[in-house]
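Quick note on numbering that gives the first Met the number 0: the sequence shown kicks off at 0 and runs consecutively. Below is one structure, written out as structure tokens; the observations come after it.
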Amino acid sequence: MFLLNQLKINTMITERIGSNAGKIWDFLNEQGNQSLKELKEKLKMTDPQFYLAVGWLAREGEMLDFEDNTALIDPN
0 MFLLNQLKIN TMITERIGSN AGKIWDFLNE QGNQSLKELK EKLKMTDPQF YLAVGWLARE
60 GEMLDFEDNT ALIDPN
């Protein structure tokens, strides 16, 4: 039972991170490149929410660079 509950919690956390990553990608795709600070503030995410989602995008190859603290994405 413990393992089943832990699996549900991990799935919920993963879904939230993925959802936040989608919000970031959609925002950048629509609005263009943004500073990390501006992006986090505009999306009203906490530090952990934001940076976990950015990490998700980086791992997926969607986030190209963080040049001068600016988030750059591949629009394709």
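The C-beta atom is built at its ideal place from N, Cα and C for all residues, glycine as well. A quick note: this is a predicted structure, and the numbers were derived from the prediction, not measured.
How big is the Cα-Cα spacing for Ile23 and Glu59?
13 angstroms
Which residues in the same chain as Trp55 place their Cβ atom closer than 7 angstroms to its Cβ, once the five residues preceding and following it in sequence are excluded?
Its chain contains Ile16, Gly17, Ala20 as the residues whose beta carbon lies nearer than 7 angstroms to that of Trp55, once the 5 sequence neighbours on both sides are disregarded; these appear in chain order.
Please state the DSSP three-state secondary structure of Met11.
helix
Neighbourhood of Trp51 by C-beta, 6 angstroms cutoff - its chain only, sequence neighbours within 5 removed
One point to set straight first is that residue 51 is Leu, not Trp, in the sequence displayed. Excluding residues within five positions, the ones whose Cβ falls inside 6 angstroms are Ile16.
Lys39: buried (16+ other C-beta within 10 angstroms of its C-beta) or exposed?
buried
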